[in-house]
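> Quick one: structure below, then a few questions.
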């Protein structure tokens, strides 16, 4: 049974292009579906419910059922699973298991409120600090990824998690043992001493970038670690400085170029920087560092299927003087760029043809392109506000939206350009 507030019409093609993705349907509390869940989890038996949740979390098929219930169940059911499963106190035991660690990951992604997020993050921080979820050899980096995603979403525990990553990464490299002084007649026992390494050094370890032996243009990355770095870039801007330095200074120019050509690397690392708060000094500094470090490589990137997106995004994010530096290099490969669709897209977005005609012509063209982008963003913002007002009136988020915003905007821009 789906409540009216959760009723969802299937988004059309144009809505999908706008980034409107159909959310999962959720069943209501005290509905027939909830009655079925009560039987599955023995919710009426306070003695058995905890054992059932514990058992299902460690079983291959049962864990999938439990994860589904956490995602599509009502808030009351999620709170009950969190409490009766004793996930906060026993999180280490769940994480160490080869099956139930995925249940913990779903638990982190399905958190309903800030209080629950804070409880779980404080429990996970201990596993980060001791290096267990940071060490790739343990194959639990996915827990770190989901914890960072949660911290970025609710803006909590960010500083303490960064400290835990530094300590945990240090222990993952080489645990240090110090001797404890005991009274006479007793043996000295070694004790593990926690020490931290700079956060800049943690970034390459999380990415775990390896070049392909057969094809030098391909790389393999740790998927969970790469996504973890992306969420680190979504932390408060004041905490992103070390992460950005770890990318721009601790990763070589060759590796940065390969990341730009890789689908996962470009989306998580490059877009993580280029789609960040562009007015913040740390992000502006990182963008300029990328421009300088990849000097002489922009033509090759502009011709790449994935890399040309990074070139265009960086060009749009740079200030006017840095734009001139990039376009002057790209203009030297104008003939090469005209030979591919990716290169022609870069020529259009960077106004390279206008630059060859003269700097004044190029400046006028760039200003027109920037005005069009501003105009487009304003129309999209207005469209979002209209949909919000329509939702408040009708109770549906997408029903009644018949016209395609993208087509309308394209027609307006086409008319403006022709005029």
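Residue numbers (this note's numbering): 30 to 448.
Just so it is clear, CB atoms sit at the ideal spot from N, CA and C, and this is done for glycine as well.
Compute the Euclidean distance between the alpha carbons of residue 157 and residue 385, then round it to the nearest angstrom.
For this step, residue 157 is matched to residue 128 along the chain shown. For this step, residue 385 is matched to residue 356 along the chain shown. Going by the C-alpha atoms only, they are around 53 Å apart.
> Determine the DSSP secondary structure at residue 140, reduced to helix, strand or coil.
If you number the chain shown from 1, residue 140 lands on position 111. Residue state, collapsed to three classes: coil.
> Since residue 88 and residue 128 are thought to touch, with beta carbons under 8 Å apart, how far apart are those beta carbons, to the nearest angstrom?
Walking along the chain shown from the start, residue 88 turns up at place 59. Walking along the chain shown from the start, residue 128 turns up at place 99. Confirmed, Cβ separation roughly 7 Å.
> Give the single residue among 314, 330, 328 whose Cα lies nearest to the Cα of residue 271.
Against the chain shown, residue 271 aligns to sequence position 242. The shortest C-alpha separation from residue 271 is found at 314.
> Looking at the structure shown, is residue 81 part of a helix, part of a strand, or coil, going by DSSP?
As a position in the chain shown, residue 81 is number 52, starting the count at 1. Residue 81: helix per DSSP, three-state reduction.
> In or out: residue 205 buried (at least 16 other Cβ within 10 Å) or exposed?
Position 176 of the chain shown, counted from the start, is the residue given in the question as residue 205. Confidence in residue 205 is poor, its pLDDT being 48 and thus under 50, which makes the residue's placement unreliable; the coordinate value appears in the next sentence. Exposed, by the Cβ-count rule.
> Measuring CB atoms only, is the region 144-161 touching the region 233-242, in the sense that at least three cross pairs come out at less than 8 Å?
In short, these stretches do not touch, since the Cβ pair count stays below three.
> Spatial neighbours of residue 172 within its chain, please: CB distance less than 8 Å, with the 5 preceding and 5 following residues excluded, ordered by chain position.
The residue you call residue 172 lines up with position 143 of the chain shown. Cβ within range, chain order: 124, 130, 133, 134, 137, 153, 156, 162.
> With DSSP run on the structure shown, which of helix, strand or coil describes residue 346?
Position 317 of the chain shown, counted from the start, is the residue given in the question as residue 346. Residue 346 falls in the helix class under three-state DSSP.
> Taking all protein chains shown into account, do 16 or more other C-beta atoms lie within 10 angstroms of the C-beta of residue 302, making it buried, or fewer, making it exposed?
As a first step, residue 302 must be located in the chain shown, where it is residue number 273. Answer is buried; the Cβ neighbour count reaches 16.
> Around the Cβ of residue 380, are there at least 16 other Cβ atoms within 10 angstroms (buried) or fewer (exposed)?
Counting from 1 along the chain shown, the entry for residue 380 is found at position 351. Residue 380 should be labelled buried.
> So, for residue 232: in the same chain, excluding its five sequence neighbours on each side, which residues have a beta-carbon less than 7 Å away from its beta-carbon?
Position 203 of the chain shown, counting from 1, holds the residue named residue 232. 258, 272, 275, 276, 279, listed in sequence order.
> Assign residue 371 to buried or exposed, taking buried as 16 or more other Cβ atoms, counted over all protein chains shown, within 10 Å of its Cβ.
Counted from its first residue, the chain shown places residue 371 at position 342. The residue is buried, with at least 16 neighbouring Cβ atoms inside 10 Å.
> Using CA coordinates, which residue listed in 70, 103, 54, 83 is at the minimum distance from residue 118?
As a working note, residue 118 is residue 89 in the chain shown. Minimum Cα distance to residue 118 is reached at 83.
> Between residue 12 and residue 145, what straight-line distance do the alpha-carbon atoms span, to the nearest angstrom?
Outside the shown range of the chain, which is 30 to 448, sits residue 12, and nothing can be said about it.
> Using the Cα positions of residue 361 and residue 351, report the straight-line distance between them to the nearest angstrom.
Mapped onto the chain shown, residue 361 falls at position 332. Mapped onto the chain shown, residue 351 falls at position 322. One C-alpha to the other measures close to 16 Å.
> At what residues does the alpha helix (DSSP H) containing residue 107 begin and finish?
As a working note, residue 107 is residue 78 in the chain shown. Its alpha helix (DSSP H) spans residues 104-113.
> Strictly by DSSP, which residues pair up with residue 382?
Mapped onto the chain shown, residue 382 falls at position 353. None, per the DSSP bridge assignment.
> Just mark residue 169 as buried or exposed, buried being the case when its beta carbon has 16 or more other beta carbons within 10 Å.
Within the chain shown, residue 169 is the residue found at index 140, counting from 1. Under this definition residue 169 is a buried residue.
> Does residue 58 pass the burial test, meaning 16 or more other C-beta atoms within 10 Å, or should it be called exposed?
Working through the chain shown from its first residue, we reach residue 58 at position 29. By the neighbour-count rule (16 or more Cβ atoms within 10 Å), residue 58 is not buried but exposed.
> Helix, strand or coil: how does DSSP classify residue 180 here?
Indexing the chain shown from 1 puts residue 180 at position 151. In this structure, residue 180 counts as helix in the three-state DSSP scheme.
> Under DSSP, the alpha helix (DSSP H) around residue 128 begins and ends at which residues?
The residue you call residue 128 lines up with position 99 of the chain shown. Counting along the chain, residue 128 falls outside any alpha helix (DSSP H), and DSSP gives it neither H nor E.
> Nearest to residue 342 by alpha carbon, out of 126, 319, 198?
In the chain shown, the residue the question calls residue 342 occupies position 313. Checked all of 126, 319, 198; the closest Cα to residue 342 is 319.
> Could you give the DSSP three-state label for residue 249: helix, strand or coil?
Here the question's residue 249 lines up with position 220 in the chain shown. Correct three-state label for residue 249: strand.
> Bridge partners for residue 239 per DSSP, in chain order?
Counting from one through the chain shown, the residue named residue 239 turns up at place 210. Answer is 249.
> Have a look at 305, 256, 55 and flag the residue whose alpha-carbon is nearest the alpha-carbon of residue 139.
Position 110 of the chain shown, counted from the start, is the residue given in the question as residue 139. Nearest of 305, 256, 55 to residue 139, Cα basis: 55.
> How would you label residue 347, buried or exposed, when you count the other beta carbons within 10 angstroms and need 16 or more for buried?
The sequence position of residue 347 within the chain shown is 318, counting from 1. Answer is buried; the Cβ neighbour count reaches 16.
> Return the chain-ordered list of same chain residues with a C-beta closer than 7 Å to the C-beta of residue 286, the five sequence neighbours on each side being excluded.
On the chain shown, residue 286 is found 257 positions in, with the first residue counted as 1. Hits under 7 Å: 323, 326, 330.
> Would you grab the beta carbon distance between residue 177 and residue 260 for me? Rounded to a whole angstrom, and I think it's under 8 Å.
Sequence index remark: in the chain shown, residue 177 carries index 148 (1-based). Sequence index remark: in the chain shown, residue 260 carries index 231 (1-based). At roughly 4 Å, the Cβ-Cβ gap stays under 8 Å, so residue 177 and residue 260 are in contact.
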